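Visitor: I am attaching a structure below and will ask some questions about it afterwards.
Residue numbers (this note's numbering): 563 to 805.
Given below as structure tokens:
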């Protein structure tokens, strides 16, 4: 169950953890008053601002930088066979990316942060809201079960960026969740992502679908990983450190 996603037609019913906004989606072009993607001079970017693919992999709704040594994992919903998330891993750390439709008024990240904190605490973890390189973010310790059956915690950083009718969420795990030096490379990757929302009408929090790249860039490997859950708070493989 995705924390921010809305159930699609044909999906199995699942209880919603939070109520999604009811604001109508629109096919009108984003106005000048739409929320900015990030502080001036730094991404993530909207495709209108960076229309060329450049040195990025085309994943459909996302265009991610192709860097030497970067491993790309596509995460697929087994029920719909739709690719809904991607994880970028390098040097013992990982960055999970997922994009969502957002209202034209923007500000979805401000609404989601309290929901993430409440969900972490409900599951027995801890979470604090702090300032980070992309604005407000969440430092969390997620509950996990160790191999010997005991309860433990895994650190994670939740970062987000509001764009024109889209929201991009990143979850940093591994060393990057606790070490600023280790996080720098993945933060640069997050800042260089381009979001391709499309002009079709979408309800807020609707997941923007991805696709497996036709050909990985030099030094970058890609693999497809079927999974049934894309909630970064769940105790599943999507928050497991990739080595």
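Glycine residues also receive a C-beta, built at the ideal position from the N, C-alpha and C atoms. The structure presented is a predicted model; accordingly, all values stated were derived computationally and were not measured.
Taking only runs that begin and end inside the stretch 641 to 724, name each unbroken beta strand (DSSP E) of 3 or more residues, in chain order.
Guide: 644 to 652, 655 to 663, 688 to 694 and 697 to 707, all fully within the stretch 641 to 724.
Visitor: Could you check whether the stretch 668 to 680 touches the stretch 644 to 660, counting it as contact only if at least three pairs of C-beta atoms, one from each stretch, sit closer than 8 Å?
Guide: Counting Cβ pairs under 8 Å, fewer than three are found: no touch.
Visitor: Output the distance between the C-alpha atoms of residue 680 and residue 775, rounded to the nearest integer angstrom.
Guide: Taking the chain shown and counting its residues from 1, the one referred to as residue 680 is at position 118. Taking the chain shown and counting its residues from 1, the one referred to as residue 775 is at position 213. In a straight line, the C-alpha of residue 680 is about 35 Å away from that of residue 775.
Visitor: Report the option in 664, 629 and 678 whose CA atom is closest to the CA atom of residue 652.
Guide: Against the chain shown, residue 652 aligns to sequence position 90. Nearest of 664, 629 and 678 to residue 652, Cα basis: 629.
Visitor: Among 749, 730 and 731, which one has its Cα closest to the Cα of residue 737?
Guide: The residue given as residue 737 occupies position 175 in the chain shown. Nearest of 749, 730 and 731 to residue 737, Cα basis: 749.
Visitor: What's the call for residue 648, buried or exposed, on a 16-neighbour Cβ count within 10 Å?
Guide: Numbered from 1 along the chain shown, position 86 holds the residue referred to as residue 648. Counting Cβ neighbours within 10 Å, residue 648 comes out buried, since at least 16 surround it.
Visitor: Flag this pair as yes or no: are the beta carbons of residue 687 and residue 721 separated by less than 8 Å?
Guide: Stepping through the chain shown from its first residue, residue 687 is reached at position 125. Stepping through the chain shown from its first residue, residue 721 is reached at position 159. No, these two residues do not count as a Cβ contact at 8 Å.
Visitor: Any chance the stretch 636 to 648 sits against the stretch 762 to 771, with 3 or more Cβ pairs inside 8 Å?
Guide: With the cut-off at 8 Å, the stretch 636 to 648 and the stretch 762 to 771 touch.
Visitor: Going by C-alpha to C-alpha distance, which of 642, 623, 627 and 654 sits closest to residue 762?
Guide: For the purposes of this step, residue 762 is identified with residue 200 of the chain shown, where counting begins at 1. Answer by Cα proximity: 623.
Visitor: In the DSSP assignment, find the unbroken beta strand (DSSP E) run with residue 637 in it and report its ends.
Guide: Counted from its first residue, the chain shown places residue 637 at position 75. Counting along the chain, the beta strand (DSSP E) containing residue 637 begins and ends at 633 to 639.
Visitor: Can you have a look at residue 638 and say buried or exposed, based on whether 16 or more other CB atoms are within 10 angstroms of its CB?
Guide: Along the chain shown, read from residue 1 onward, the residue named residue 638 stands at position 76. Its Cβ being crowded by 16 or more others within 10 Å, residue 638 is buried.
Visitor: Look at residue 730 and residue 650 and say whether their C-beta atoms are less than 8 Å apart.
Guide: Here residue 730 refers to the residue found at position 168 when the chain shown is read from its first residue. Here residue 650 refers to the residue found at position 88 when the chain shown is read from its first residue. Taking 8 Å as the Cβ cut-off, residue 730 and residue 650 do not qualify as a contacting pair.
Visitor: Note down the Cα distance separating residue 757 from residue 626, rounded to an integer number of angstroms.
Guide: Along the chain shown, read from residue 1 onward, the residue named residue 757 stands at position 195. Along the chain shown, read from residue 1 onward, the residue named residue 626 stands at position 64. Spanning the two alpha carbons is a distance of roughly 9 Å.
Visitor: According to DSSP, is residue 742 part of a helix, a strand, or is it coil?
Guide: In the chain shown, counting from the first residue as 1, residue 742 sits at position 180. Helix at residue 742.
Visitor: Anyone know if the C-beta pair for residue 746 and residue 735 falls short of 8 Å?
Guide: Walking along the chain shown from the start, residue 746 turns up at place 184. Walking along the chain shown from the start, residue 735 turns up at place 173. No, the pair does not count as a contact, with Cβ atoms beyond the cut-off.
Visitor: Hey, residue 704 and residue 712: beta-carbon distance below 8 Å or not?
Guide: What you label residue 704 is simply residue 142 of the chain shown in a count that begins at 1. What you label residue 712 is simply residue 150 of the chain shown in a count that begins at 1. It is not a contact, given that the beta carbons lie outside the stated cut-off.
Visitor: For the beta strand (DSSP E) containing residue 627, list its first residue and its last residue.
Guide: Mapped onto the chain shown, residue 627 falls at position 65. Where residue 627 is concerned, the enclosing beta strand (DSSP E) stretches over 624 to 627.
Visitor: In angstroms, rounded to a whole number, what distance separates the CA positions of residue 668 and residue 759?
Guide: If you number the chain shown from 1, residue 668 lands on position 106. If you number the chain shown from 1, residue 759 lands on position 197. Taking the straight line from one Cα to the other gives about 14 Å.
Visitor: Check residue 621 in the structure and name its three-state DSSP category.
Guide: Along the chain shown, one-based indexing puts residue 621 at 59. Coil, per DSSP.
Visitor: For residue 641, does the count of other Cβ atoms within 10 angstroms reach 16, so buried, or fall short, so exposed?
Guide: Stepping through the chain shown from its first residue, residue 641 is reached at position 79. It counts as exposed.
Visitor: Taking just the CA atoms, how far does residue 611 sit from residue 709?
Guide: Numbered from its first residue, the chain shown carries residue 709 at position 147. Numbered from its first residue, the chain shown carries residue 611 at position 49. If you take the alpha carbons of residue 709 and residue 611, they lie about 47 Å apart.
Visitor: CA-CA distance, residue 692 and residue 655?
Guide: In the chain shown, residue 692 corresponds to position 130, counting from 1. In the chain shown, residue 655 corresponds to position 93, counting from 1. The alpha-carbon atoms of residue 692 and residue 655 are separated by roughly 21 Å.
Visitor: Does DSSP put residue 750 in a helix, in a strand, or in coil?
Guide: Along the chain shown, read from residue 1 onward, the residue named residue 750 stands at position 188. DSSP places residue 750 in helix when its eight states are reduced to three.
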